[in-house]
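Numbered according to the working numbering, the sequence shown spans residues 1 to 418.
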Amino acid sequence: MNAPLQTAKNAIDPLKLEKLAELAVKVGLQLQRGQDLVLTAPIAALPLARLITKHAYKAGAGLVTALYADEEATLARYAHAPDESFDRASDWLYQGMAKAFANGAARLAIAGDNPMLLASQDPQKVARANRANSTAYKPALEKISNFDINWNIVSYPNPSWARQVFPDDPEMVAVEKLANAIFAASRVDVDDPVAAWDEHNSNLRRRSSWLNEQRFAALHFTGPGTDLSVGLADGHEWHGGASTAKNGITCNPNIPTEEVFTTPHALRVEGHVSSTKPLSHQGTLIDKIEVRFEGGRIVEARAARGEEVLKKVLDTDEGARRLGEVALVPHSSPISASGILFYNTLFDENAACHIALGQCYSECFIDGASLSQEQIRSQGGNSSLIHIDWMIGSGEVDIDGVRSDGARVPVMRRGEWV
């Protein structure tokens, strides 16, 4: 391990990092004996990747294949690659991943990239590279978004990320602070993380069960800069916390998670909405987003920062301007209460209600595992190369559930469950 990585590792509690690795395998994935695992991570997360690999083999993994990304290599591409490079992606790699998933492999991603890595790069090149990557990745992404496999995302306090979150602190202090925030949000700072997650999953199931009983036709969000009606897909189903994939394995896809979520109707979103937290997307920060929907489609969009990248994202394909997810998170969630802006969607989306542009999740339909893609589309499910969450909730946002007869039921007031 090189000196910078070793220095950063010294700021991280090794016992809690071990607990996080074990939790990712046992609760995040519930990896099965004999099951293969495809693991992706930034190279800075090597200490966690090695621990996860160890716990995966202890759980009986057949084969763990790890793929690493390097920030310096990414920047070298933008500095020196020919222009045509930015219209290419490693489709052969993603085809291999899709084949592994089709053969029963699980998927685990360690997040932790520098959210500002590409902030100073040519936004046209960033957008082109993102589009090429999204296109190439779709065969693998479909296995994940359709919940064919058990999958999980956890995070590691990469020093370059920590410096963005705590810019006024020395690097070692910033890494330690971010590590402790990750451990707290992931519930590994307690004696029995597995029991803590059992209780948390039970609470999320209770929320999603209540929403499923209501059978709302739409949700209406109101607040500063927001007056948005989100129609819900026909036969939609709310989920939260642990869910069972089509392969029969119950997993926690996101660690941490505070959300209950479902699928909007791609044609039934009306009004305007403003983001309440910045969105970090592929190394670019997009802030103060404002969009207007008509007939489910974004017809106007602007942002105070990163607007050019946002508009390129919206032009990815027809489904990129429509919604694939709506999620409810109380403003008092532990991540929100921490007061930390993580510049990382996995965390920031769990501090606020949010919506996602692009691909829907087939699991968010009643009997979704048995529905064809055409049936999902006919019920309002969206299809796209992308799935990008951004935050629209705060302590100033109210949400009503709207029944098919127009009757309204309070769901959240000032960002909290009623």
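Ideal placement from N, C-alpha and C gives every residue a C-beta, glycine not left out.
For residue j and residue i, believed in contact at Cβ under 8 Å, the rounded distance
i      : j      : result
LEU108 : TRP151 : 7 Å
LEU67  : GLU18  : The Cβ separation is near 22 Å, so there is no contact.
ALA301 : LEU310 : 6 Å
SER384 : THR316 : 7 Å
ASN212 : GLY241 : With 8 Å as the limit, ASN212 and GLY241 do not qualify as a contact, their Cβ atoms being about 14 Å apart.
LEU314 : ALA320 : 5 Å
THR53  : LEU39  : 7 Å
LEU46  : LEU20  : Their Cβ separation, rounded to whole angstroms, is 14 Å, which puts LEU46 and LEU20 out of contact at 8 Å.
GLN121 : TYR78  : 5 Å
GLY235 : GLN379 : 5 Å
HIS387 : ALA356 : 6 Å
VAL418 : GLY223 : Going by Cβ atoms, the distance from VAL418 to GLY223 rounds to 15 Å, so no, they are not a contact pair.
TYR343 : PRO170 : Rounded, the Cβ-Cβ distance is 19 Å, inconsistent with contact.
VAL25  : ALA59  : 5 Å
ALA154 : PHE261 : Per the sequence presented here, residue 154 reads as Val, with Ala not at that position. 19 Å between Cβ atoms; not a contact.
GLY112 : ALA44  : 6 Å
GLU416 : SER332 : 6 Å
ALA431 : THR263 : Outside the shown range of the chain (1 to 418) lies residue 431, about which nothing can therefore be said.
LEU323 : ALA266 : 7 Å
ALA69  : PRO42  : 5 Å
HIS220 : ASP367 : 27 Å between Cβ atoms; not a contact.
LEU421 : GLN282 : Since the displayed the chain opens at 1 and closes at 418, residue 421 lies outside it and no answer follows.
As assigned by DSSP and simplified to three states, the class of residue i
i      : result
ALA407 : coil
TRP417 : strand
PRO42  : strand
ARG205 : helix
GLU307 : helix
MET227 : The question names Met, but residue 227 is Asp in the sequence shown. In this structure, ASP227 counts as strand in the three-state DSSP scheme.
ALA106 : strand
ALA24  : helix
ALA11  : coil
Beta-ladder partner(s) of residue i, from DSSP
i      : result
ASP400 : HIS220 and PRO410
GLU291 : In the sequence under discussion, the amino acid at residue 291 is Val, which differs from the Glu named in the question. VAL291 pairs with VAL273 and ALA301.
LEU232 : PRO264
HIS239 : PHE261
Residue i beta carbon near the ligand MG (any heavy atom closer than 7 Å)
i     : result
GLN30 : Judged by which ligands are present, the structure shown has none, so any question about the ligand MG falls away.
C-beta neighbour in chain C for residue i, strict 8 Å
i      : result
MET116 : Absent from the structure: chain C. Only one protein chain is present.
Residue ranges of each beta strand (DSSP E) within the segment 242-286, 3 or longer: 260-262, 264-274 and 279-281
The segment 265-279 contacting the segment 244-253, beta-carbon criterion three pairs below 8 Å: no
Three or more C-beta pairs below 8 Å linking the segment 175-187 and the segment 215-230: no
Alpha helix (DSSP H) runs wholly inside the segment 110-196, at least 4 long, in chain order: 123-145, 159-165 and 171-185
Length at least 3, wholly inside the segment 310-390: the beta strand (DSSP E) runs in chain order: 323-328 and 354-358
Secondary structure, beta strand (DSSP E): runs of 3+ residues fully inside the segment 27-96: 37-42 and 64-69
Meets three-Cβ-pair contact criterion under 8 Å: the segment 361-380 and the segment 389-403: no
Inter-stretch contact (C-beta, 8 Å, three-pair minimum) for the segment 349-368 and the segment 92-108: no
Cβ contact (3+ pairs, closer than 8 Å) linking the segment 144-162 and the segment 171-178: yes
Cβ pair count under 8 Å reaching 3, the segment 84-94 against the segment 133-150: yes
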